[in-house]
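Novice: The structure under discussion is supplied below as structure tokens; questions concerning it will follow.
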Amino acid sequence: MTIGVDDDERAFPQAEDGKALEESWLQICSRLKGEVGEVEYRTWLTKIALGPVDGDEITLLLPTRFLRDWVRSQYGDRLSELWNQVQPTIRRVELQVARPGDPVAPPLALATEDAPVAAPSIEVEDAPRSAPEVRSDLVTTLDTRFTFDTFVVGKPNEFAYACARRVAEKPSSVGFNPLFLYGGVGLGKTHLMHAIGAELVQSGNVSVAYMSAEKFMYRFIAAIRSQSTMEFKEQLRSVDVLMIDDLQFLIGKDNTQEEFFHTFNALVDAGRQIVVSADKSPSDLSGLEDRLRTRLGCGMVADIHATTFELRISILESKAAASGVVVPGKVLEFLAHKITSNVRELEGALNRLIAHANLFGRPVTLEATQDVLHDILKAHDRRVTIEEIQKRVAEHWNIRLTDMSSARRARAVARPRQVAMYLAKQLTSRSLPEIGRKFGNRDHTTVMHAVSRVAELMERDPAFAEDVELMRRMLES
Ligand code: ADP
Ligand code: MG
Numbered sequence: 393m394t395i396g397v398d399d400d401e402r403a404f405p406q407a408e409d410g411k412a413l414e415e416s417w418l419q420i421c422s423r424l425k426g427e428v429g430e431v432e433y434r435t436w437l438t439k440i441a442l443g444p445v446d447g448d449e450i451t452l453l454l455p456t457r458f459l460r461d462w463v464r465s466q467y468g469d470r471l472s473e474l475w476n477q478v479q480p481t482i483r484r485v486e487l488q489v490a491r492p493g494d495p496v497a498p499p500l501a502l503a504t505e506d507a508p509v510a511a512p513s514i515e516v517e518d519a520p521r522s523a524p525e526v527r528s529d530l531v532t533t534l535d536t537r538f539t540f541d542t543f544v545v546g547k548p549n550e551f552a553y554a555c556a557r558r559v560a561e562k563p564s565s566v567g568f569n570p571l572f573l574y575g576g577v578g579l580g581k582t583h584l585m586h587a588i589g590a591e592l593v594q595s596g597n598v599s600v601a602y603m604s605a606e607k608f609m610y611r612f613i614a615a616i617r618s619q620s621t622m623e624f625k626e627q628l629r630s631v632d633v634l635m636i637d638d639l640q641f642l643i644g645k646d647n648t649q650e651e652f653f654h655t656f657n658a659l660v661d662a663g664r665q666i667v668v669s670a671d672k673s674p675s676d677l678s679g680l681e682d683r684l685r686t687r688l689g690c691g692m693v694a695d696i697h698a699t700t701f702e703l704r705i706s707i708l709e710s711k712a713a714a715s716g717v718v719v720p721g722k723v724l725e726f727l728a729h730k731i732t733s734n735v736r737e738l739e740g741a742l743n744r745l746i747a748h749a750n751l752f753g754r755p756v757t758l759e760a761t762q763d764v765l766h767d768i769l770k771a772h773d774r775r776v777t778i779e780e781i782q783k784r785v786a787e788h789w790n791i792r793l794t795d796m797s798s799a800r801r802a803r804a805v806a807r808p809r810q811v812a813m814y815l816a817k818q819l820t821s822r823s824l825p826e827i828g829r830k831f832g833n834r835d836h837t838t839v840m841h842a843v844s845r846v847a848e849l850m851e852r853d854p855a856f857a858e859d860v861e862l863m864r865r866m867l868e869s
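With this note's numbering, letter number 200 in the sequence shown gets 592, and the count goes up by one each step, no holes.
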């Protein structure tokens, strides 16, 4: 049997002396990014550069005193912990302001948005090489942030949530094993898995192992290298609940898939619960072995849909309330409109607002929000033009493009025109007067009226709302 370690070898996280600092740092960054989210990570942590190591102390450098103080107060302890985990010879982390001429390794470019990011901190740690009967090291310490209580339920995720709850209450029940959760990035898969784990651990004597699929692979390869695959298998097969996050990473890793398949079967046969997450449904995970795919689809398959505006608002409300900072409804609405891609980003944006409010003791306002989140909002500014909106809307409602700027007031024409104005307001950063000008030189109050009229109709008429939403999504993509 040949083992596909070639590419994976380089990323393999072994805590050994002499491991290149950069490599350790890359790992730490990736962990941190997973923990704090893309936005927070980009705002504060990409500014750190590696400084010199002196004995058991590493110096990290920041460009300004403000950043140094902020990073020290918010991430100092975590940075020390992570360094110590990844590179045990390092016991202390010193944060300093970089001076000209400091011997500095440049800040590291980290994985891009869609590259894998390590799951938050409850991953199982690497087992000691010679571990004999270390079932306990697979048992997860849970991150208190991800519980059912902090998970906000709405239409897009209520089914997945109900399934997760059910598994947490009654693991291994017929029809729910395996539980397969799937959905896009940042929609709460990991959160739900941790919530299941937390609930089970709390309820009593249940051993839960949670691992990203990547981690599963690393551990498997480590076991092969150290000729301890038997221990690895036994460890895995001794848990009550095995959760594997982001299974799509096993695509193309045939040997690891095979191992997972056997573990999977052994556990299910022994009446244990499996929970798996992925970005696609089992049938859409092409590249997965057929027999594994079949087994994965045998239990309960639950998808988490993209968030709706309502769900985004609820999530923001709940997170704002938990933070203790007063965030006006207008700001929450603004964020929920602007950041639609995933909850992690939404949360990151809100966290940044809250951090600023705490730091400067200023109330959160819409103006402050636009200022503080300038860069994020720019990135999310969909580059849709008003012309494009007019064209699509006219096509959809079957009116002439010229009627977008004509004076005709018949409802068959006026309504789509209003929708186009509404969408122009939602999807572009144009001001009301600018929008008015593009619609046959109408006044900004006309645009304002159109926006509120369409919003009102959407409230009242779900079919109409769906139509408009569909339009919006088409334009956004
Ligand atoms: P995924 O694993 O699907 O990529 P995560 O579970 O990591 O997504 O979620 C990303 C972030 O968004 C986490 O901080 C999580 O707590 C938060 N989140 C996602 N969905 C919800 C929700 N419905 N309620 C509260 N927080 C959520
Ligand atoms: Mg995840």
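Positions of the beta carbon are idealized from the N, C-alpha and C atoms, including for glycine.
Could you check what DSSP says for residue 449 in three-state terms: helix, strand or coil?
Specialist: Here residue 449 sits in strand by DSSP.
Novice: Tell me residue 486's beta-bridge partners as DSSP assigns them.
Specialist: Its beta-bridge partners are 451.
Novice: On a Cα-Cα basis, can you pick out the residue from 457, 449, 472, 445 that is closest to residue 424?
Specialist: Closest by alpha carbon: 472.
Novice: Would DSSP call residue 503 helix, strand or coil?
Specialist: Since pLDDT at residue 503 reaches only 35, below the 50 mark, its modelled position is unreliable, and the value read off the structure follows with that caveat. In the structure shown, residue 503 sits in coil (DSSP, three-state: anything other than H, G, I, E or B).
Novice: Within 10 angstroms of the Cβ of residue 606, are there 16 or more other Cβ atoms? Answer buried if so, exposed if not.
Specialist: Buried: at least 16 other Cβ atoms inside 10 Å.
Novice: When every heavy atom of ligand 2 is checked, does at least one fall within less than 8 Å of the C-beta of residue 582?
Specialist: Residue 582: yes, Cβ under 8 Å from ligand 2.
Novice: Under 8 Å by Cβ, that's how I've got residue 764 and residue 745 pegged, so tell me the actual separation to the nearest angstrom.
Specialist: Their Cβ separation, rounded to whole angstroms, is 6 Å, which keeps residue 764 and residue 745 in contact under 8 Å.
Novice: For the region 747-791, list the beta strand (DSSP E) runs that are entirely contained and at least 3 residues long, ordered along the chain.
Specialist: Counting only runs of 3 or more, we get nothing.
Novice: Can you tell me whether DSSP reads residue 571 as helix, strand or coil?
Specialist: Note: residue 571 maps to strand in three-state DSSP.
Novice: Nearest to residue 562 by alpha carbon, out of 650, 678, 639, 664?
Specialist: Selected option, being the one with the closest Cα: 664.
Novice: For residue 460, which option in 623, 758, 435 has the closest C-alpha, if you only look at C-alpha atoms?
Specialist: Looking at the Cα atoms, 435 is the closest of the given residues.
Novice: Can you check which of these residues, 816, 792, 815, 817, is closest to residue 805 by C-alpha distance?
Specialist: For the residues 816, 792, 815, 817, the minimum Cα distance to residue 805 belongs to 792.
Novice: Under three-state DSSP, which class holds residue 619?
Specialist: In this structure, residue 619 counts as coil in the three-state DSSP scheme.
Novice: So, at 8 Å on beta carbons, what are the nonlocal neighbours of residue 703 in its own chain, with the 5 sequence-adjacent residues on each side left out?
Specialist: 544, 546, 547, 548, 549.
Novice: Cβ of residue 416 versus every heavy atom of ligand 2: is any distance shorter than 8 Å?
Specialist: Not so, every heavy atom of ligand 2 lies at least 8 Å from the Cβ.
Novice: Taking all protein chains shown into account, do 16 or more other C-beta atoms lie within 10 angstroms of the C-beta of residue 516, making it buried, or fewer, making it exposed?
Specialist: Interpretation of residue 516 is limited by its pLDDT of 37, a score under 50 that renders its predicted location unreliable; no figure is taken from the coordinates.
Novice: Residue 444 by DSSP, collapsed to three states: which one?
Specialist: Here residue 444 sits in strand by DSSP.
Novice: Rounded to whole angstroms, what's the CA-CA distance from residue 723 to residue 858? Just pull it up for me.
Specialist: Approximately 24 Å, taken between the alpha carbons.
Novice: Thinking C-alpha only, which one of 661, 585, 489, 766 is nearest residue 440?
Specialist: Ranking the options by Cα distance to residue 440, first place goes to 489.
Novice: When you measure from the CB of residue 672 to every non-hydrogen atom of ligand 4, does any distance come out below 8 Å?
Specialist: Among the ligands present in this structure, namely ligand 1 and ligand 2, ligand 4 is not found.
Novice: Just checking residue 637 against ligand 2 - is the residue's beta carbon closer than 8 Å to any of the ligand's heavy atoms?
Specialist: Yes, ligand 2 has a heavy atom inside 8 Å of this Cβ.
Novice: Sort out for me which residues DSSP pairs residue 634 with in a bridge.
Specialist: According to DSSP, which records beta bridges pairwise, residue 634 is partnered with 601, 666.
Novice: In terms of residue numbering, what span does the alpha helix (DSSP H) encompassing residue 559 cover?
Specialist: Segment 550-561, the alpha helix (DSSP H) holding residue 559.
Novice: CB of residue 472 to nearest heavy atom of ligand 2: below 8 Å?
Specialist: No, ligand 2 has no heavy atom inside 8 Å of this Cβ.
Novice: Going by the CB atoms, is the gap between residue 708 and residue 742 shorter than 9 Å?
Specialist: In contact: residue 742 and residue 708 (Cβ atoms closer than 9 Å).
Novice: Mind checking which residues open and close the alpha helix (DSSP H) that includes residue 813?
Specialist: That run of the alpha helix (DSSP H) goes 803-819.
Novice: Do residue 784 and residue 849 have their C-beta atoms within less than 9 Å of each other?
Specialist: Contact: no.
Novice: Assuming contact is defined by CB atoms lying nearer than 9 Å, are residue 568 and residue 692 in contact in what I supplied?
Specialist: Yes. Within cutoff.
Novice: Sorted by chain position, which residues of the same chain lie with C-beta nearer than 8 Å to residue 684's C-beta, five sequence neighbours on each side aside?
Specialist: For residue 684, where only same-chain residues beyond five positions count, the Cβ hits under 8 Å are 649, 652, 653, 656.
Novice: What I want to know is whether the C-beta of residue 733 ends up closer than 8 Å to one or more non-hydrogen atoms of ligand 2.
Specialist: Not so, every heavy atom of ligand 2 lies at least 8 Å from the Cβ.
Novice: Is the beta carbon of residue 836 less than 9 Å from the beta carbon of residue 854?
Specialist: No, Cβ-Cβ distance for residue 836 and residue 854 is not below 9 Å.
Novice: What span of residues does the alpha helix (DSSP H) with residue 658 cover, start to end?
Specialist: Counting along the chain, the alpha helix (DSSP H) containing residue 658 begins and ends at 646-661.
Novice: Rounded to the nearest angstrom, what separates residue 864 and residue 457 at their Cα positions?
Specialist: Roughly 44 Å separates the two Cα atoms.
Novice: Would you identify the three-state DSSP class for residue 693, choosing helix, strand or coil?
Specialist: Three-state DSSP puts residue 693 in a strand.
Novice: Among 537, 748, 690, 673, which one has its Cα closest to the Cα of residue 660?
Specialist: Ranking 537, 748, 690, 673 by Cα distance to residue 660 puts 690 first.
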